[in-house]
């Protein structure tokens, strides 16, 4: 008899099989993922996500018969009142009567949805696949946080620039005392004594014997001094550094969107996907990500997420009001020195013609200096928009030439969202 | 016997397990006379238990999405608290592997050692079905071979191609057993050798010239249909076997994969046929062993109460009208009740028992009687032979007649003198695998002609195949066969054709 403790064995035996399920039901899972995105809020998305897929994708058929007509007999337990010859009404549902002998199992399985939880990585994988992100970008998103060196005690080797002088000297002193290295005053005392005796000798007194002894002693002391160095390689101490994850800072993400009547539902959906991507990206980078939603028509206000995406407004479009709101909120709650500020604006490009100039100057003067990145996406509804230049596009274009922080893109389909991201990630990757 | 406790409280460690095992072994082997395979006891976590579930209790399997699906199903229902995990899983192998959950109490560990490592183990080793259909000493090596082989097929021919064959073969796994022939013992060496030879032969006879040879006309025979059916050994109910040997389009490795699925299906073939007996045997053994441990002072009263509580939970039989009940019997409940009843008949028979079971009533050898029953029966014959009126009364059994031409159901037998035999016969029938598995056979194929595969489903009592599963399965057969497949459903008594289906091979 053997008793074996299998608990330390590698876990996750079924990881591969699990991935095959997802691969097999890829289309269904991707559809469910998209539904989850549409239904969920930005904060929830990307956490471990439960998805339900129709189970016929994963159905395993076999030959099995069903009782449809004729006679059969079933033995049951728990008879309390029946006598032979009693008649019972058929239980509701199921033409086959109460005692189905497993005939229903195959059908039941086919009808129920199949529900399981995707891990965050699986979810992102499916999500980004939809957006046609190259693998390069995926790996950057899932990369670990930045590292920074911090002091981690003392070591006996290192580069000369890292020498810790105070420690080194303390070591050498201890060694000198331990090895009884003669001190300089002792040497000077001996030398002056010898000098005095030599002077006396010149005066005529016979101190040759004493002088010889002192000279011998001096020689000994000097030799000892030369043997035991002032600083020895073993005394050297260096400051040691270790790489630790950079303490993650806070980030705030401002979502600004034009909600005037010209923005259709599908445009808002595109915008939502873009905001979602940005949020997922920021969450990878920063431990804490705040969200601020500013919607605007002719006036701007801060709203909650649900209102932001679902509550339609009518009216004109004055972009600068949103910028003013941005500046007000940022100054009040998110000082630049303790927050990483990201801003994303989604619009169909319309703006009141006299406002564009003011919006530009606010963007350049007050917003771009405080943000890490400002992304503008124009959700285009028609080809006319794509060819022609909208008010905002015309205004932003020269600015984005001067200002690398400003990224702008037009988006007509979900897959167009990606180039904006490449720009964003590309710059981050280049920076040290 | 000394009266020292094996353990106290609920905590256990490996020396507790060892002590419990040795005490249980003394009772099981010396007092009860059980014969078991050498035991291997493995302690696992709940996550590992989910893995074990996924593979139907096989310690290792090849990779396939269906296992991932099962894993996700079990995991989801476990995480949401719909189901709890089993205390143990035991594998019919030599050595017999029992998985124990780490979260069990000391008492539960002792109980499941008695249940699995001795009860189930004895049954696996001695029951004729398992002896005939499974080869406990070869299964672990064979699974390892299967895993490696299918893995190498995935490397050589691609995951998609391998999966296509596996999917189709899985759909037919219930039709991969030679029900009448018994099983040839698995032999890994021979299997590997045969696989190698098959490939070498293919390589040797390959000659591109044959492609260019004009094909002559077939010589007509006097009774071509009868002749070719005789040559192919038709009708054949082992669909996987027939396809493996005869399919005109399969590659050698595809045949080997089909063979793997077929042999593994065969290994599992006895399990559902002896479920009541197997669980009844294990439950009876653990209850007896734990009672003896308590009587000899090796476990304390608290532990024994836990045993009673646990056994009572396991052998609960909800009535037909109970929300948790429904059709069918809890195999633990029925099995344990029948085992205990046999013991009672042997030791303290009533007049009724003497009339019903003259052979065993009062023979004062309950252990010998039980061991004989465990070795020589399966559920169907066991119920037919040993279900006593006392047990029928205990379960308050009754029989319903379900006639679709009648608006109501008729109670045509209850647990009284007039009904005992009728109930026993019907209950035994419900454990007959022939009533569950569809009887599908290959009846004809013209290999020299259009190669259409003809199948026949011989129905019982107007039970047609469930749709759309039948068509989907037929499509899988067509995938393996490579040509059109047609199936007729005929009434087994009148030979009237009730329905017909057909499927072509997937277009490339």
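Residue numbers (the numbering used here), protein chains in the order written: chain D, 1 to 432; chain G, 433 to 940. We put the beta carbon where it would ideally sit given N, CA and C, even for glycine. Given the structure is predicted, the values throughout are model-derived calculations rather than measurements.
By the neighbour-count criterion, in which 16 or more other beta carbons inside 10 Å mark a residue as buried, residue 642(G) falls on the exposed side. Taking the CA atoms as reference points, residue 785(G) sits about 14 Å from residue 772(G). Taken in chain order, the complete alpha helix (DSSP H) segments of 4 residues or longer contained in the segment 253 to 341 of chain D are 265 to 285, 305 to 310, 319 to 333.
A Cβ of chain G is located within less than 8 Å of the beta carbon of residue 4(D).
Per the coordinates, the alpha-carbon of residue 933(G) lies some 35 Å from the alpha-carbon of residue 116(D). Per DSSP, residue 847(G) is not a residue of any alpha helix (DSSP H), being assigned neither H nor E. Shown in chain order are the members of the segment 45 to 78 of chain D whose Cβ falls below 7 Å from a Cβ of chain G: 58, 60, 61, 62, 63, 64, 65, 66, 67, 68, 69, 70, 71, 72, 73, 74, 75, 76, 77, 78. The alpha-carbon separation between residue 376(D) and residue 254(D) amounts to approximately 12 Å. In the three-state reduction of the DSSP assignment, residue 889(G) falls in the strand class, which pools E and B.
For the pair residue 473(G) and residue 542(G), the Cα-to-Cα distance works out to about 12 Å. Nearest C-alpha to residue 178(D) among 87(D), 202(D), 205(D), 235(D): 235(D).
Taking the Cβ atoms as the reference, residue 77(D) lies roughly 17 Å from residue 814(G), outside the contact range of under 8 Å. Residue contact check for residue 596(G) against chain D: no CB pair falls below 8 Å.
CA-to-CA, the gap between residue 67(D) and residue 895(G) works out to about 5 Å. Shown here for residue 764(G): same chain residues with a beta carbon closer than 6 Å to its own, the five before and five after excluded, namely 711, 715, 746, 747 in chain order. In the DSSP assignment, residue 52(D) is bridged to 115(D).
Residue pairing for residue 408(D): DSSP places it in a beta bridge opposite 376(D).
Taking the Cα of residue 624(G) as reference, the smallest distance to any Cα among 547(G), 656(G), 681(G), 692(G) is reached at 692(G).
Between residue 874(G) and residue 668(G), the gap from beta carbon to beta carbon is short of 8 Å. Cβ neighbours of residue 316(D) within its own chain (closer than 8 Å, five residues either side excluded): 260, 297, 298, 352. Proximity of residue 21(D) to chain G, defined by a Cβ-Cβ separation below 8 Å, is satisfied. For residue 935(G), the enclosing beta strand (DSSP E) begins and ends at 929 to 935. Note on geometry: alpha-carbon atoms of residue 739(G) and residue 768(G) lie some 15 Å from one another. Rounded to the nearest whole angstrom, the CA to CA distance from residue 337(D) to residue 389(D) is 37 Å.
The DSSP assignment places complete alpha helix (DSSP H) segments of no fewer than 4 residues inside the segment 442 to 522 of chain G at 446 to 457, 478 to 486, 497 to 511, in order along the chain.
In the DSSP assignment, residue 831(G) is bridged to 75(D), 845(G). Setting aside the 5 residues that flank it on each side, residue 627(G) is surrounded in the same chain by 688, each with a C-beta closer than 7 Å to its C-beta; the list follows chain order. The beta carbons of residue 724(G) and residue 545(G) sit no closer together than 8 Å. Secondary structure at residue 63(D): coil, using DSSP grouped into helix, strand and coil.
By a beta-carbon distance limit of 8 Å, residue 855(G) contacts residue 845(G). Their separation comes to about 5 Å. Counting other Cβ atoms within 10 Å of its Cβ, residue 83(D) stays below 16 and is therefore classed as exposed. By alpha-carbon distance to residue 294(D), the top candidate from 356(D), 275(D), 283(D) is 275(D). In terms of CA proximity to residue 477(G), 521(G) leads the group 521(G), 496(G), 452(G). A Cβ of chain D is located within less than 8 Å of the beta carbon of residue 483(G).
Assignment of beta-bridge partners to residue 345(D) by DSSP yields 256(D), 376(D). Bounds of any beta strand (DSSP E) do not take in residue 162(D), whose DSSP letter is neither H nor E.
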